[in-house]
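Engineer: Order-wise, the sequence lines are chains A and R. If you read the first sequence in numbering that gives the first Met the number 0, its first letter stands for residue 0, the second for the next number, and so on. If you read the second sequence in numbering that gives the first Met the number 0, its first letter stands for residue 0, the second for the next number, and so on.
There are 2 protein chains.
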Amino acid sequence: MPGEQRNAPRTRREVLAAAARALIEQGPNVSLDAVAKEAGVSKGGLLHHFRSKQALIVGLIEEWFDHYDATVERLLEPEDTPGRWTRAHIRATFEPDDLWSHPSVVTALLGVPELQQRLDVAATRWRQQTDSDGLHPQRADLISRALDGVTLADLLWRGQESAEEREHTRDLLLKLTEQTGPLV
Amino acid sequence: MPGEQRNAPRTRREVLAAAARALIEQGPNVSLDAVAKEAGVSKGGLLHHFRSKQALIVGLIEEWFDHYDATVERLLEPEDTPGRWTRAHIRATFEPDDLWSHPSVVTALLGVPELQQRLDVAATRWRQQTDSDGLHPQRADLISRALDGVTLADLLWRGQESAEEREHTRDLLLKLTEQTGPLV
DNA sequence: TCTAACGTACCGTCCAGACGGTCGGTTAAG
DNA sequence: CTTAACCGACCGTCTGGACGGTACGTTAGA
Chain A
0 MPGEQRNAPR TRREVLAAAA RALIEQGPNV SLDAVAKEAG VSKGGLLHHF RSKQALIVGL
60 IEEWFDHYDA TVERLLEPED TPGRWTRAHI RATFEPDDLW SHPSVVTALL GVPELQQRLD
120 VAATRWRQQT DSDGLHPQRA DLISRALDGV TLADLLWRGQ ESAEEREHTR DLLLKLTEQT
180 GPLV
Chain R
0 MPGEQRNAPR TRREVLAAAA RALIEQGPNV SLDAVAKEAG VSKGGLLHHF RSKQALIVGL
60 IEEWFDHYDA TVERLLEPED TPGRWTRAHI RATFEPDDLW SHPSVVTALL GVPELQQRLD
120 VAATRWRQQT DSDGLHPQRA DLISRALDGV TLADLLWRGQ ESAEEREHTR DLLLKLTEQT
180 GPLV
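Here is the structure:
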């Protein structure tokens, strides 16, 4: 079979996907053995692509950020109107992401120092984007807090809220970007 | 010395506090041995109070919820005005809580099924309180999302934001409770 | 009031198992 | 032929928890 041959980048991607799956199924303390088995690779093969368990987790972190960034850019409106970036972030936050926004996965990522670095970079960029987005600071602050809250709720109360409630919250946030004055 | 004598509830509390400290200092995978040492107790003594590592973590979870509930009630305004409960939650969320809102502690608590139960109970009660709090649903939703976001930011971006920014956000949320009409 | 009996708090040791990572070897690709 | 991908056996370490024992507190009976 073609595609079953040796192919380093492909194997790497499969190991990452397997790691996410294994984390979800077996909790944040999965063994490298289990991940390797899930990926259809020996433990030695896994350690060839990721030299340590931490390196594997860093790989997950980078994939996660890349994925979110790509989502935001995909959801950007073509016209350059006030609140454009903010709306893209709102839509990206509400997009379903079954693989990454799972408690066990996040638990594994927390505590790895590289996560802090990437978060700092992301926070800086988000601030730059919203600062020049044309919204009142009060609105930008409130919306970004609420988006963080939606993310947290996704992690802790998975599926507790109905789809309608989610849509109501999303629409409310989107509407808050349609005016540029102070809130109170 | 009195007070150094045998005293089960006292030892229990000290073990819990030591567990939180050890988690913060040594990460989410602390050994029982380390916790026992931190508490000035033998490992056997620790396991006398908490029959397993999981039981110890459940103890932390219960203490955390009790502490938060007590804080909210302490911060309740005496007069029964609209938005009373919501304001108490806002103030409680912004109270510094060095011990519990630490990434390593939360990491350890995540994944323990008992946490989900307590979260469900808390979410239900919060909803009851805010439903009868006299605010417009849009306001209640937005505020509770933003509070979740503040909690998440405390965990992930500890100390990144200045005290002024925090106060601005808190004051904005408090002001949002002073009117009862729709937001948009 | 003394004391014997009992229950509870706490100690220190030990062990089976799991885990991360290393190493030499083997096979496919260029 | 050289290099990179991959295998699988192996090692040292660590950890949760079991267990047998000790010291202290308490209370009932005389």
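Glycine included, C-beta positions come from ideal geometry on N, C-alpha and C. Just so you know, these numbers come straight off a predicted model, no measurement behind them.
On the DSSP letters alone, give me the boundaries of the alpha helix (DSSP H) that residue 93 of chain R sits inside.
Structural biologist: Under the DSSP assignment, residue 93 of chain R falls in the alpha helix (DSSP H) whose first and last residues are 83-93.
Engineer: Count the other CB atoms within 10 Å of the CB of residue 77 of chain A; is the residue buried (16 or more) or exposed (fewer)?
Structural biologist: exposed
Engineer: Taking just the CA atoms, how far does residue 25 of chain R sit from residue 151 of chain A?
Structural biologist: 25 Å
Engineer: Excluding the 5 residues flanking residue 31 of chain R on each side, which residues of the same chain have their C-beta closer than 8 Å to its C-beta?
Structural biologist: 42, 45, 46, 52 and 55
Engineer: Nearest to residue 177 of chain R by CA position, among R:84, R:73 and R:147, is which residue?
Structural biologist: Taking only the C-alpha atoms, the option nearest residue 177 of chain R is R:84.
Engineer: According to a CB-to-CB cut-off of less than 8 Å, which residues of the segment 122-153 of chain A neighbour chain R?
Structural biologist: Against chain R - using a Cβ distance shorter than 8 Å - the residues of the segment 122-153 of chain A are 122, 137, 140, 141, 143, 144, 145, 146, 147, 148, 149, 150, 151 and 152.
Engineer: What in chain A is Cβ-close to residue 103 of chain R, meaning under 7 Å?
Structural biologist: 110
Engineer: Would you mind giving the Cβ-Cβ distance between residue 105 of chain A and residue 154 of chain A, rounded to the nearest angstrom? I have them listed as a contact below 8 Å.
Structural biologist: 6 Å
Engineer: Would residue 130 of chain A be called buried (16 or more neighbouring beta carbons within 10 Å of its own) or exposed?
Structural biologist: By the beta-carbon neighbour count (other beta carbons within 10 angstroms, threshold 16), residue 130 of chain A is exposed.
Engineer: Could you give the C-beta distance for residue 148 of chain R and residue 146 of chain A, rounded to a whole number, given that I count them as a contact under 8 Å?
Structural biologist: 7 Å
Engineer: Grab the span of the alpha helix (DSSP H) containing residue 177 of chain R for me, first residue to last.
Structural biologist: For residue 177 of chain R, there is no enclosing alpha helix (DSSP H), since its DSSP letter is neither H nor E.
Engineer: Taking any Cβ of chain A, which residues in the segment 15-37 of chain R have a Cβ under 9 Å from it, in chain order?
Structural biologist: 26, 27 and 28
Engineer: Residue 171 of chain R: buried (16+ other C-beta within 10 angstroms of its C-beta) or exposed?
Structural biologist: When all chains shown are included, residue 171 of chain R counts as buried.
Engineer: Can you give me the Cβ contacts of residue 139 of chain A inside the same chain, cut-off strictly under 6 Å, excluding the 5 residues immediately before and after it?
Structural biologist: 129
Engineer: Locate the alpha helix (DSSP H) running through residue 123 of chain R, then write down its first and last residues.
Structural biologist: 112-130
Engineer: In chain order, what residues of the same chain lie with their CB nearer than 6 Å to the CB of residue 168 of chain R, ignoring the 5 residues before and after it?
Structural biologist: none
Engineer: Within 8 Å of any Cβ in chain A, is that where the Cβ of residue 156 of chain R sits?
Structural biologist: yes
Engineer: Would you say residue 174 of chain R reaches chain A, if we count a Cβ-Cβ gap shorter than 8 Å as a contact?
Structural biologist: yes
Engineer: With DSSP collapsed to three states, give me the class of residue 39 of chain A.
Structural biologist: It is coil, neither helix nor strand.
Engineer: Identify each residue in the segment 66-92 of chain R for which the Cβ-Cβ distance to at least one residue of chain A is less than 8 Å, and report them in chain order.
Structural biologist: none
Engineer: Under the assumption that residue 125 of chain A contacts residue 99 of chain A (Cβ atoms under 8 Å), give the Cβ distance between them as a whole number of angstroms.
Structural biologist: Actually they are not in contact, since the Cβ atoms of residue 125 of chain A and residue 99 of chain A sit about 18 Å apart, beyond 8 Å.
Engineer: Out of R:21, R:134, R:58 and R:143, which has the shortest C-alpha to C-alpha gap to residue 181 of chain R?
Structural biologist: R:134
Engineer: Examine chain R for any beta-carbon lying closer than 8 Å to the beta-carbon of residue 204 of chain A, and answer yes or no.
Structural biologist: Residue 204 of chain A is absent from the model: chain A starts at 0 and stops at 183.
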